[in-house]
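Data first, discussion second: the structure below is written as structure tokens.
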Amino acid sequence: MRKAIYIAVAAATWGLPCVLATAETLPETVGKTIATSPDLLIRTNDRLAVDHELRQAKAGYLPSIDASAGIGRERSDNPTTRAGGLDSISLTRQELGIKLDQLLWDGGGTPGEVDRQTKRVNARAYGVQATADLVALRTAEVYLEVLRRQELVALAKENLRAHQQTHEQISLRSERGLGRGADVDQTAGRLALANSNWVAEKSNLREAEINYFRVVDEFPRSLVKPVAPQDQVPPTMNAAVQQAIDGHPELKAAASDIEAARDQYKVAKAPYYPRLSVELGATANEDLDGVRGDNDDVSAMLRLNYNLYRGGKDKARRAETFHLIDEAKEVRNRTCRQVVESMRLSWNAFAALNDRLIHLKKHVDAAERARDAYRKQFTIGQRSLLDLLDSENEVVSAKSDYINGQYDETFAIYRVLAGKGRLLAALNVPLPAEAKPKTDDLTEIGCFYMAEAEPVAEPEPVIITRQAPPQVLEKISLSAGALFEFNKSELKPEGIRALDELALRLKDDAAISQINVVGHTDSVGADEYNQKLSMRRANSVSDYLISKGITREMMLVAGMGESEPVATNETSEGRRLNRRVEIIIRGSRLVPARASGGMPE
Numbered sequence: 002m003r004k005a006i007y008i009a010v011a012a013a014t015w016g017l018p019c020v021l022a023t024a025e026t027l028p029e030t031v032g033k034t035i036a037t038s039p040d041l042l043i044r045t046n047d048r049l050a051v052d053h054e055l056r057q058a059k060a061g062y063l064p065s066i067d068a069s070a071g072i073g074r075e076r077s078d079n080p081t082t083r084a085g086g087l088d089s090i091s092l093t094r095q096e097l098g099i100k101l102d103q104l105l106w107d108g109g110g111t112p113g114e115v116d117r118q119t120k121r122v123n124a125r126a127y128g129v130q131a132t133a134d135l136v137a138l139r140t141a142e143v144y145l146e147v148l149r150r151q152e153l154v155a156l157a158k159e160n161l162r163a164h165q166q167t168h169e170q171i172s173l174r175s176e177r178g179l180g181r182g183a184d185v186d187q188t189a190g191r192l193a194l195a196n197s198n199w200v201a202e203k204s205n206l207r208e209a210e211i212n213y214f215r216v217v218d219e220f221p222r223s224l225v226k227p228v229a230p231q232d233q234v235p236p237t238m239n240a241a242v243q244q245a246i247d248g249h250p251e252l253k254a255a256a257s258d259i260e261a262a263r264d265q266y267k268v269a270k271a272p273y274y275p276r277l278s279v280e281l282g283a284t285a286n287e288d289l290d291g292v293r294g295d296n297d298d299v300s301a302m303l304r305l306n307y308n309l310y311r312g313g314k315d316k317a318r319r320a321e322t323f324h325l326i327d328e329a330k331e332v333r334n335r336t337c338r339q340v341v342e343s344m345r346l347s348w349n350a351f352a353a354l355n356d357r358l359i360h361l362k363k364h365v366d367a368a369e370r371a372r373d374a375y376r377k378q379f380t381i382g383q384r385s386l387l388d389l390l391d392s393e394n395e396v397v398s399a400k401s402d403y404i405n406g407q408y409d410e411t412f413a414i415y416r417v418l419a420g421k422g423r424l425l426a427a428l429n430v431p432l433p434a435e436a437k438p439k440t441d442d443l444t445e446i447g448c449f450y451m452a453e454a455e456p457v458a459e460p461e462p463v464i465i466t467r468q469a470p471p472q473v474l475e476k477i478s479l480s481a482g483a484l485f486e487f488n489k490s491e492l493k494p495e496g497i498r499a500l501d502e503l504a505l506r507l508k509d510d511a512a513i514s515q516i517n518v519v520g521h522t523d524s525v526g527a528d529e530y531n532q533k534l535s536m537r538r539a540n541s542v543s544d545y546l547i548s549k550g551i552t553r554e555m556m557l558v559a560g561m562g563e564s565e566p567v568a569t570n571e572t573s574e575g576r577r578l579n580r581r582v583e584i585i586i587r588g589s590r591l592v593p594a595r596a597s598g599g600m601p602e
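In terms of my numbering, the sequence shown opens at residue 2 and continues consecutively.
Given below as structure tokens:
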């Protein structure tokens with residue numbers, strides 16, 4: 002058995018034939034790697050750990066039962082002992098008790114903590130998905146690299162054979178006095194170079210197999226060239242980016258972390274409310290406080306605890322969690338940029354390679370036709386030996402470029418699929434069980450981006466204007482009191498007049514490409530109600546602007562509830578400022594650029 006294993010490893014390492022090797026497809030390799038990848042196992046164990054944190058949070062709904070017992074000597078000097086004529090008495094005190102504490106209400110702290118931990122579990126599950134896709138992409142990369150190097154080794158060996166044949170023919174002609182000694186030297190030099198290239202390609206293959214082992218944890222056996230699902234690549238870059246935003250698990254993880262931070266903010270408000278619980282207890286004591294005999298009791302209490310002052314700790318905790326929400330949002334924004342950039346690069350690479358392969362194939366066909374013609378012309382003295390050798394090298398170079406282009410395109414397809422979180426699905430490899438979130442109710446990722454302009458023909462060198470990067474052109478905050486009646490989402494007449502003026506200004510501005518309408522409330526009322534009210538108000542404003550001629554595709558609507566205050570909710574003035582609808586206008590202003598003799602910037 003050991004000998005068989007040694008032969009298999011040696012064959013994989015040194016490119017030797019091995020009858021023990023069996024064909025292994027890319028999906029099989031990916032499935033095996035996912036089951037053993039340390040990177041993925043780290044993420045799955047993190048997910049499982051947070052599962053238990055959720056279980057801890059749910060324990061807050063259940064009663065707490067405590068038992069106690071004690072025994073020891075007690076010396077008592079109290080009115081009871083003195084009434085019996087003794088200044089003091091020593092007895093063996095014995096205690097036995099049990100108590101049940103059932104929470105009834107704690108200001109929403111326990112439900113909020115359960116919600117927070119649920120969102121954290123979801124974030125970790127999406128993290129497992131993202132890591133699984135990343136591991137699959139790395140596996141595909143090393144898998145394809147081994148296949149690429151195997152083909153290049155075969156090409157180098159074929160080139161070596163061709164040079165050997167040419168050298169033998171030229172040597173034979175020289176021996177018969179039909180050729181020159183310089184031709185023999187030239188073919189010998191080209192033969193040595195072909196040998197060197199073959200050795201180099203074998204070394205590259207060994208390096209590829211070592212990299213394969215690093216990722217898969219075993220050497221490659223008989224690999225099967227995969228057919229990438231090109232039909233699953235989006236037709237345009239903008240479509241690819243949108244699919245990445247909608248489906249990338251890292252973005253979903255970041256959005257879940259924001260929700261968890263918001264729930265943490267709710268938990269931080271719980272200490273402002275009393276804690277109400279039911280306590281049931283029973284004790285069986287003996288010889289207490291200098292009095293001989295049993296001392297038993299049973300109690301059932303409805304208990305309310307209300308902290309009046311804690312040195313400002315609760316207020317500071319709320320402020321801390323408020324900033325943690327902002328931190329989570331910026332992590333989401335950073336992730337959004339990374340996902341969008343990665344997808345644009347991946348899709349651009351695929352599109353370029355898809356076009357390039359057509360020309361590379363034409364290059365191979367033309368080079369082979371030229372080589373075949375040169376061989377015939379060389380035999381009748383119409384071509385020099387140098388022409389023939391150069392044509393052979395041209396064929397090898399063209400085939401090498403074509404092989405590289407094919408594998409680069411295949412990997413680019415897998416990059417695009419991974420960029421939208423669909424690589425494992427495309428390979429029909431199941432996700433780990435830990436990749437399934439507890440709930441799948443994300444309503445908004447919150448990742449906004451500027452669509453790419455369609456490519457246009459290269460203009461002549463002229464003085465042009467160039468568009469600055471997309472930016473926030475203006476941020477307008479409209480008081481909810483000016484737009485709506487209290488607790489309503491229907492526009493008031495004075496609110497309509499204000500929006501009429503705004504719509505007239507916006508629809509004539511060609512620089513605007515996106516309008517975000519975001520509703521906000523104060524903290525009065527339930528969180529869920531406030532979120533829905535803010536969303537209804539934002540929709541009312543958006544619908545009215547659309548009715549006045551603003552393009553629907555430009556509008557993005559969100560309701561943030563009470564999660565993003567601009568002032569304290571402890572005062573009526575602060576609450577008034579927090580009740581608002583923000584309109585964020587994004588676009589690009591045209592700025593002058595200098596004339597150029599080449600491509601425009």
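In this text, a Cβ means the ideal position worked out from N, Cα and C, and glycines have one as well.
Can you tell me whether residue i is helix, strand or coil according to DSSP?
i	result
glutamate 563	coil
glycine 482	helix
glycine 575	helix
threonine 466	Confidence in threonine 466 is poor, its pLDDT being 46 and thus under 50, which makes the residue's placement unreliable; the coordinate value appears in the next sentence. Note: threonine 466 maps to strand in three-state DSSP.
asparagine 540	helix
glycine 282	strand
arginine 580	coil
lysine 400	helix
alanine 189	helix
glutamate 287	strand
glutamate 1	Given a span of 2 to 602 for the chain in the structure shown, any question on residue 1 remains unanswerable.
arginine 276	strand
alanine 527	coil
leucine 194	helix
valine 417	helix
proline 80	helix
glutamine 118	helix
Can you give me the Cβ contacts of residue i inside the same chain, cut-off strictly under 6 Å, excluding the 5 residues immediately before and after it?
i	result
glycine 560	Gly520, Gln532, Ser535, Met536, Ala539
leucine 104	Ser278
lysine 226	Leu148
alanine 329	Asp258, Ile259, Ala262
proline 470	The predicted position of proline 470 is uncertain, since its pLDDT is 49 and thus under 50; no value can be drawn from it.
leucine 500	Tyr545
leucine 305	Pro275, Leu277
For residue i, which residues does DSSP report across the bridge?
i	result
glutamine 151	None; glutamine 151 has no bridge partner.
tryptophan 199	According to DSSP, which records beta bridges pairwise, tryptophan 199 is partnered with nothing at all.
arginine 587	Val473, Gln515
alanine 436	Answer is none; alanine 436 lacks a bridge partner.
serine 223	Ala24
leucine 557	Asn517
Just to confirm the assignment, what range does the beta strand (DSSP E) spanning residue i have?
i	result
histidine 521	513–521
methionine 302	292–306
glutamine 103	90–106
Which residue wins for smallest C-alpha separation from residue i, given the options the options?
i	options	result
arginine 423	Val115, Ala285, Ala229, Glu486	Ala229
glycine 71	Met555, Leu305, Arg117, Ala285	Ala285
serine 564	Val341, Val397, Asp264, Ala426	Asp264
phenylalanine 379	Thr111, Lys226, Leu418, Asp184	Asp184
glutamate 251	Tyr310, Gly128, Tyr307, Arg150	Gly128
alanine 271	Asp107, Asp186, Phe220	Asp107
valine 299	Gly98, Leu161, Leu557, Ala255	Gly98
threonine 37	Asp78, Val136, Asp295, Arg83	Val136
arginine 345	Ala434, Gly482, Arg215, Arg416	Arg416
cysteine 448	Tyr144, Glu202, Ala301, Leu557	Leu557
tyrosine 62	Ile90, Gly110, Ser77, Val430	Gly110
Apart from the five residues just before and just after residue i, which ones in its own chain have a Cβ nearer than 7 Å to its Cβ?
i	result
threonine 569	Gly575
alanine 124	Ala254, Ser257, Asp258, Ala261
Grab the span of the alpha helix (DSSP H) containing residue i for me, first residue to last.
i	result
methionine 238	238–248
isoleucine 446	From DSSP, isoleucine 446 is part of no alpha helix (DSSP H); its letter is neither H nor E.
threonine 497	A quick correction: the sequence has isoleucine, not threonine, at residue 497. Segment 494–507, the alpha helix (DSSP H) holding isoleucine 497.
aspartate 327	314–380
alanine 70	No alpha helix (DSSP H) contains alanine 70, which is instead part of the beta strand (DSSP E) from 65–77.
isoleucine 43	39–59
leucine 425	424–427
Counting only the same chain and skipping the five closest in sequence on each side, list residues whose C-beta sits under 8 Å from that of residue i.
i	result
glutamate 146	Ala209, Asn212, Tyr213, Tyr408
Does any CB atom of chain C fall closer than 8 Å to the CB of residue i?
i	result
leucine 425	Absent from the structure is chain C; it holds one protein chain and no more.
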